[in-house]
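Asker: Can you read through this structure? Questions will come right after.
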Amino acid sequence: MIDTEALRTQPELTGENIVLAQLDESCFEPAWRALREPETIRLTGTHTVFTEDQIRTWLASRPGLDDRADYAILRKEDRGYLGEVVLSDFDGDNRSAAFRIALTGPDVFGKGYGTEATKLILDFAFDVVGVHRVSLEVFDFNPRAQRVYEKCGFVREGLQREALWWDGEWHDVVTMAILKNDPRP
Ligand SMILES: CC(C)(COP(=O)(O)OP(=O)(O)OC[C@H]1O[C@@H](n2cnc3c(N)ncnc32)[C@H](O)[C@@H]1OP(=O)(O)O)[C@@H](O)C(=O)NCCC(=O)NCCS
């Protein structure tokens, strides 16, 4: 069974260099800046242009939900906002969930934060919430993300051919997943 109470209360998850804390309205300024960062927009394939109001409303409505976990990734030393990592699309019958992550921009890429955040939220999903399977989608032009996911134990399962239209070209979307009993290096 999925522990919906764990999702509702979303405990803070502490790693070596980061803390995962409930995403909420206090994250508005850096989250809003990140939504206008071209490299993050490209790597997440975000076609939608959000308004400030939409983002404020979205952030304010995150705490207390029991069907997803929206975490802010914070630098441990000063609780500076580094991005978000999310478990969503919970399927209680099949104990599965979807995963996504986005750091704020190139100044914080490649410093190990993404790997640490992914490991922390996977441990939470499997060991606390009781999930059996976590899946994700990643674009063919994002080898850094694919490397991070493989490092954390995700296994490549398939390829959705030409599922993304970006910058005048079609791109393939790789699907990956990790099961509860897969190695989590
Ligand atoms: C994807 C993302 C979460 C990864 O987090 P990160 O903190 O930047 O990554 P880390 O520093 O933890 O690890 C990067 C790894 O990728 C490797 N890497 C970097 N560039 C690479 C490339 N072009 N090809 C292959 N591997 C690459 C690094 O060497 C490192 O692996 P290593 O530890 O074995 O050396 C982050 O870059 C991000 O948010 N990017 C923008 C949004 C995004 O891409 N989201 C994912 C959408 S599916």
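Numbering that gives the first Met the number 0 numbers the first residue of the sequence shown as 0 and each following residue consecutively.
No residue lacks a Cβ here, since even glycine has one placed at the ideal position from N, Cα and C.
In chain order, what are the residue ranges of uninterrupted alpha helix (DSSP H) at least 4 long that sit wholly in the region 98–169?
Answerer: As far as the region 98–169 is concerned, its whole alpha helix (DSSP H) runs of at least 4 residues are 112–122, 142–150.
Asker: Where DSSP assigns a beta bridge to residue 74, which residues make up the other side?
Answerer: Taking the first residue of the sequence shown as position 1, residue 74 is located at position 75. DSSP, once it has assigned bridges, lists 17 as partnering residue 74.
Asker: Going by DSSP in three states, residue 52 sits in which element: helix, strand or coil?
Answerer: Your numbering for residue 52 matches position 53 in the sequence shown. Helix at residue 52.
Asker: Classify residue 63: buried if its beta carbon has 16 or more other beta carbons within 10 angstroms, exposed otherwise.
Answerer: Mapped onto the sequence shown, residue 63 falls at position 64. Exposed.
Asker: Any idea if residue 48 is buried or exposed, counting beta-carbon neighbours within 10 angstroms, 16 or more meaning buried?
Answerer: Locating residue 48 in the sequence shown gives position 49, counting from the first residue. Per the 10 Å Cβ criterion, exposed.
Asker: Can you look up residue 60 in the DSSP assignment and give me helix, strand or coil?
Answerer: Indexing the sequence shown from 1 puts residue 60 at position 61. Reduced to three states, the DSSP call for residue 60 is coil.
Asker: Looking at the structure shown, is residue 43 part of a helix, part of a strand, or coil, going by DSSP?
Answerer: Residue mapping note: residue 43 aligns to position 44 of the sequence shown, counting from 1. It is helical.
Asker: From the DSSP output, in three-state form, read off residue 83 for me.
Answerer: Reading the sequence shown from its first residue, position 84 is the one you call residue 83. In the structure shown, residue 83 sits in a strand (DSSP, three-state: E or B).
Asker: Residue 111: beta carbon under 6 Å from a heavy atom of ligand 1?
Answerer: Counted from its first residue, the sequence shown places residue 111 at position 112. At least one heavy atom of ligand 1 is nearer than 6 Å to the Cβ of residue 111, so yes.
Asker: Report all residues from its chain with a CB closer than 6 Å to the CB of residue 3; omit the five preceding and five following residues, and keep chain order.
Answerer: Residue numbering aside, residue 3 sits at position 4 when the sequence shown is read from its first letter. Contacts found: 65.
Asker: Can you round the beta-carbon distance between residue 124 and residue 156 to whole angstroms, since I take them to be within the 8 Å contact cut?
Answerer: If you number the sequence shown from 1, residue 124 lands on position 125. If you number the sequence shown from 1, residue 156 lands on position 157. Residue 124 to residue 156, Cβ: 17 Å. No contact.
Asker: Report yes if the C-beta distance between residue 109 and residue 1 is below 7 Å; otherwise report no.
Answerer: Working through the sequence shown from its first residue, we reach residue 109 at position 110. Working through the sequence shown from its first residue, we reach residue 1 at position 2. No, Cβ-Cβ distance for residue 109 and residue 1 is not below 7 Å.
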